[in-house]
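Here the structure is laid out as structure tokens; the discussion comes afterwards.
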Amino acid sequence: MSLLIKGGRVVTAADDYVADVYVDDERISLIGLDLEVNADRVIDATGKYVLPGCVDPHTHLDMPFGGTVTIDDVESGQISAAFGGTTCHVDFIIQPQGETFASALATWRAKANGKQVIDMGYHMAVTDLEHGGSLEELATLPDQGITSYKLFMAYKGALMVDDLTLFRTMQVASQTGALVMVHAENGDVIDQLVREALEAGNTEPLYHALTRPPEAEGEATNRAIQLARLASAPLYVVHVTCKQAVEPIALARDRGWDVWGETCTQYFFNSLDDIAKPNFEGAKYVYSPPVRDSSNWEVLWNAVRTDALSVISTDHCAFLWDGQKTLGKDDFSKIPNGGPGLEDRLKMVHEFGVRAGRLSLNRMVELLATNPAKLFGLYPRKGTVAVGSDADLVVFDPEKEVTISASAHHSKSDYSLYEGTKVTGAPEVVLLRGHVLVENDELIASPGIGQFVKRARFGEELRPAAETAHA
Ligand SMILES: [Zn+2]
Numbered sequence: 013m014s015l016l017i018k019g020g021r022v023v024t025a026a027d028d029y030v031a032d033v034y035v036d037d038e039r040i041s042l043i044g045l046d047l048e049v050n051a052d053r054v055i056d057a058t059g060k061y062v063l064p065g066c067v068d069p070h071t072h073l074d075m076p077f078g079g080t081v082t083i084d085d086v087e088s089g090q091i092s093a094a095f096g097g098t099t100c101h102v103d104f105i106i107q108p109q110g111e112t113f114a115s116a117l118a119t120w121r122a123k124a125n126g127k128q129v130i131d132m133g134y135h136m137a138v139t140d141l142e143h144g145g146s147l148e149e150l151a152t153l154p155d156q157g158i159t160s161y162k163l164f165m166a167y168k169g170a171l172m173v174d175d176l177t178l179f180r181t182m183q184v185a186s187q188t189g190a191l192v193m194v195h196a197e198n199g200d201v202i203d204q205l206v207r208e209a210l211e212a213g214n215t216e217p218l219y220h221a222l223t224r225p226p227e228a229e230g231e232a233t234n235r236a237i238q239l240a241r242l243a244s245a246p247l248y249v250v251h252v253t254c255k256q257a258v259e260p261i262a263l264a265r266d267r268g269w270d271v272w273g274e275t276c277t278q279y280f281f282n283s284l285d286d287i288a289k290p291n292f293e294g295a296k297y298v299y300s301p302p303v304r305d306s307s308n309w310e311v312l313w314n315a316v317r318t319d320a321l322s323v324i325s326t327d328h329c330a331f332l333w334d335g336q337k338t339l340g341k342d343d344f345s346k347i348p349n350g351g352p353g354l355e356d357r358l359k360m361v362h363e364f365g366v367r368a369g370r371l372s373l374n375r376m377v378e379l380l381a382t383n384p385a386k387l388f389g390l391y392p393r394k395g396t397v398a399v400g401s402d403a404d405l406v407v408f409d410p411e412k413e414v415t416i417s418a419s420a421h422h423s424k425s426d427y428s429l430y431e432g433t434k435v436t437g438a439p440e441v442v443l444l445r446g447h448v449l450v451e452n453d454e455l456i457a458s459p460g461i462g463q464f465v466k467r468a469r470f471g472e473e474l475r476p477a478a479e480t481a482h483a
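With this note's numbering, letter number 107 in the sequence shown gets 119, and the count goes up by one each step, no holes.
Dropping the structure here:
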């Protein structure tokens with residue numbers, strides 16, 4: 013099967029030019045002006061952008077959490093991703109306490125079997141090195157293509173690890189070539205503040221944000237940076253939301269340390285005003301770290317523009333408002349933490365980043381595709397438009413007008429964090445390894461087409477399969 017995408021404006025992290033892109037056997041094999049080649053199918057991309065498929069390094073599909081399970085499984089989550097122009101993601105395996113990493117991996121692979129619509133990899137979230145999982149077993153994961161370890165510094169009594177577990181995991185990572193990821197909030201302090209709020213009778217969703225102050229995020233971010241420095245491990249701070257956390261990351265990066273930070277779409281748009289909405293509507297905006305004061309929006313735009321933060325992910329962790337969020341109707345600490353967003357990232361960042369003049373098109377591609385691919389061992393197979401790369405491509409119509417709404421999205425969640433937002437610019441055709449996933453708002457491919465990707469170690473490139481075979 014061959015495919016020719018004609019006359020589009022090819023945009024990568026570095027380049028921006030009009031060309032034809034020829035796809036043969038799942039990969040890009042030729043890029044040039046007015047290519048004279050025969051193809052099984054021709055797509056006219058005149059007036060459109062040809063972007064690399066976006067890579068989302070932070071999602072939670074089919075994950076047990078907060079007394080329930082996220083509403084999107086691998087199939088509905090990945091369909092939602094595909095409609096949004098995301099063709100590869102890295103999901104979190106959560107090690108159940110007392111279980112080995114091998115058993116956790118087997119459980120998560122079983123959830124994906126036969127359901128995959130896009131390509132995916134996994135991070136391993138380490139919750140327990142005392143029982144089940146061991147440092148020795150952790151060291152074997154990169155050989156299986158799982159080249160990042162995630163640790164929660166929050167969620168006391170559930171996912172949170174102590175500093176010793178964090179530090180020892182960092183020591184393993186420095187030896188095995190894995191990237192350490194942290195959810196940086198001080199879980200002990202938050203646990204105390206939550207207790208005090210509930211004792212005072214403050215049960216509304218707003219108190220979720222008020223008991224997780226930005227200082228708790230700033231402190232944990234700085235602690236993780238210093239510990240990673242001690243252990244000589246590369247560090248990636250997930251979902252950075254505020255000035256207090258951006259500053260230590262920016263400082264570390266200025267010093268040339270191996271520290272990177274990510275924020276998520278929702279932190280540019282949601283604020284305390286949303287979580288304070290009456291009649292329990294605020295529960296839609298309960299995720300962690302929480303929504304912040306809106307003065308942080310410009311802090312974050314500035315951080316992604318200057319590379320203090322290097323990635324925008326979604327932290328898609330979808331629940332139903334009616335039926336799941338309601339578990340915390342009388343107690344904010346029982347509201348499942350998380351929100352939907354896998355489908356909205358490219359459209360929202362294009363509208364409010366690029367069209368609003370905050371980011372260049374190149375920088376948008378870098379934040380949504382190239383940097384996540386490079387940091388998570390997927391580049392250059394993913395994250396760019398280049399000869400030899402997987403033909404994961406988005407033909408993006410910059411003129412298409414769309415209203416974002418739960419009534420139109422493909423997540424099973426019954427609400428959207430951006431309900432009613434009008435944007436101009438949306439994917440028209442989305443390709444995975446040359447196969448059409450989505451075209452003109454219709455799902456074309458069937459589940460089963462997506463694959464597990466064995467990611468390269470931190471700092472190493474993921475070469476195309478055929479190239480590796482020849483070497
Ligand atoms: Zn998350």
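Just so you know, even glycine gets a beta-carbon here, dropped at the ideal spot from N, CA and C.
Predicted, not measured: the structure shown is a model, and the values here were computed from it.
Can you give the Cα-Cα distance for residue i and residue j, rounded to whole angstroms?
{"i": "A481", "j": "R445", "result": "Here the model assigns A481 a pLDDT of 46, short of 50, so the residue's position is not dependable, and the following value carries that caveat. C-alpha separation (whole angstroms): 18 angstroms."}
{"i": "D203", "j": "D37", "result": "53 angstroms"}
{"i": "D453", "j": "A262", "result": "40 angstroms"}
{"i": "A26", "j": "K359", "result": "20 angstroms"}
{"i": "I347", "j": "A166", "result": "16 angstroms"}
{"i": "I416", "j": "E431", "result": "6 angstroms"}
{"i": "I83", "j": "G351", "result": "10 angstroms"}
{"i": "E197", "j": "Q187", "result": "26 angstroms"}
{"i": "Y299", "j": "C276", "result": "11 angstroms"}
{"i": "N214", "j": "T253", "result": "24 angstroms"}
{"i": "A315", "j": "L47", "result": "40 angstroms"}
{"i": "K162", "j": "V49", "result": "46 angstroms"}
{"i": "S92", "j": "S428", "result": "12 angstroms"}
{"i": "M193", "j": "T433", "result": "32 angstroms"}
{"i": "R241", "j": "S423", "result": "39 angstroms"}
{"i": "R475", "j": "A212", "result": "57 angstroms"}
{"i": "F364", "j": "P246", "result": "31 angstroms"}
{"i": "H447", "j": "G59", "result": "22 angstroms"}
{"i": "L222", "j": "I105", "result": "29 angstroms"}
{"i": "G134", "j": "F179", "result": "First, the amino acid is wrong: residue 134 is Tyr here, not Gly. If you take the alpha carbons of Y134 and F179, they lie about 21 angstroms apart."}
If I measure Cβ to Cβ from residue i and keep anything under 6 angstroms in the same chain, skipping five residues before and after, which residues do I get?
{"i": "A385", "result": "V67, Y391, K394 and G395"}
{"i": "A483", "result": "In this prediction, A483 scores a pLDDT of 39, lower than 50, which makes its location untrustworthy; no coordinate-derived value is stated."}
{"i": "N383", "result": "S322 and V323"}
{"i": "V23", "result": "Y61, L63, L373 and V377"}
{"i": "G228", "result": "Reading off the sequence, residue 228 comes out as Ala, not Gly. Within the same chain, A228 has close Cβ partners E197, N198, V201 and I202."}
{"i": "S88", "result": "K424"}
{"i": "V173", "result": "L163"}
{"i": "P484", "result": "Beyond the ends of the chain as shown, which are 13 and 483, falls residue 484; an answer cannot be given."}
{"i": "A420", "result": "none"}
Skipping 5 residues on each side, what residues in its chain have a beta carbon closer than 7 angstroms to that of residue i?
{"i": "G146", "result": "The amino acid at residue 146 is misidentified as Gly; the sequence shows Ser. None."}
{"i": "R265", "result": "V271 and A320"}
{"i": "D305", "result": "S283 and L284"}
{"i": "E411", "result": "T436"}
{"i": "G110", "result": "D140, H143 and G144"}
{"i": "A51", "result": "S14, L15, L16 and Y34"}
{"i": "V54", "result": "L16 and K18"}
{"i": "D402", "result": "E38, R39, R393, K394 and R445"}
{"i": "T181", "result": "V138, L150, Y161, L163 and V192"}
{"i": "D74", "result": "V81, T82, D85, V86 and K123"}
{"i": "A309", "result": "A small correction: the amino acid at residue 309 is Trp; Ala does not occupy that position in the sequence shown. Excluding positions up to five away in sequence, the list reads F280."}
{"i": "G126", "result": "P459 and G460"}
Return the chain-ordered list of same chain residues with a C-beta closer than 8 angstroms to the C-beta of residue i, the five sequence neighbours on each side being excluded.
{"i": "G189", "result": "P154, T159, R469, F470, G471 and E472"}
{"i": "L449", "result": "A94, T99, V129, I130, V442, L443, L455, I456, A457 and I461"}
{"i": "L387", "result": "P69, L191, Y248, W272, S322, V323 and F470"}
{"i": "V258", "result": "V252, G273, V311, L312, A315, A320 and L321"}
{"i": "G79", "result": "L339, K346 and P348"}
What does DSSP give as the partner residues of residue i in its beta bridges?
{"i": "I17", "result": "V33 and I55"}
{"i": "C254", "result": "The partner list for C254 (beta bridge, DSSP) is empty, contrary to what the question assumes."}
{"i": "G351", "result": "H328"}
{"i": "L474", "result": "P392"}
{"i": "I106", "result": "A137"}
{"i": "W272", "result": "Y248"}
{"i": "V22", "result": "Y29 and V62"}
- Every unbroken beta strand (DSSP E) within the segment 413-467, with a cutoff of 3 residues, ordered by chain: 433-444 and 447-451
- Kindly provide the ranges of any beta strand (DSSP E) runs that are 3 or more residues long and lie completely inside the segment 360-414, ordered along the chain. Assignment of beta strand (DSSP E) within the segment 360-414, counting only whole runs of 3 or more residues, yields no such run.
- If we count Cβ pairs, one from each stretch, closer than 8 angstroms, do we get three or more for the segment 355-369 versus the segment 91-101? yes
- Query: Taking three-plus beta-carbon pairs below 8 angstroms as touching, is the segment 134-154 in contact with the segment 111-118?
  - Reply: yes
- Message: Any contact between the segment 335-351 and the segment 283-302? By contact I mean 3 or more CB pairs, one from each, below 8 angstroms.
- Response: yes
- Task: Scan the segment 186-226 and note each continuous alpha helix (DSSP H) run of 4 residues or more that stays entirely inside, going in chain order.
- Result: 199-211 and 218-222
- Query: Within the chosen definition, does the segment 461-472 reach the segment 117-128 through at least 3 CB pairs nearer than 8 angstroms?
  - Reply: Segments in contact, yes.
- Continuous alpha helix (DSSP H) assignments of at least 4 residues falling wholly in the segment 26-97: 86-95
- Task: Write down every uninterrupted run of the alpha helix (DSSP H) in the segment 110-173 whose length is 4 residues or greater and which is fully enclosed by it, in chain order.
- Result: 113-124 and 147-150
- Query: Curious, which full-length beta strand (DSSP E) runs of at least 3 residues does the segment 274-344 contain?
  - Reply: With a minimum length of 3 residues, the continuous beta strand (DSSP E) runs that stay inside the segment 274-344 are 323-325.
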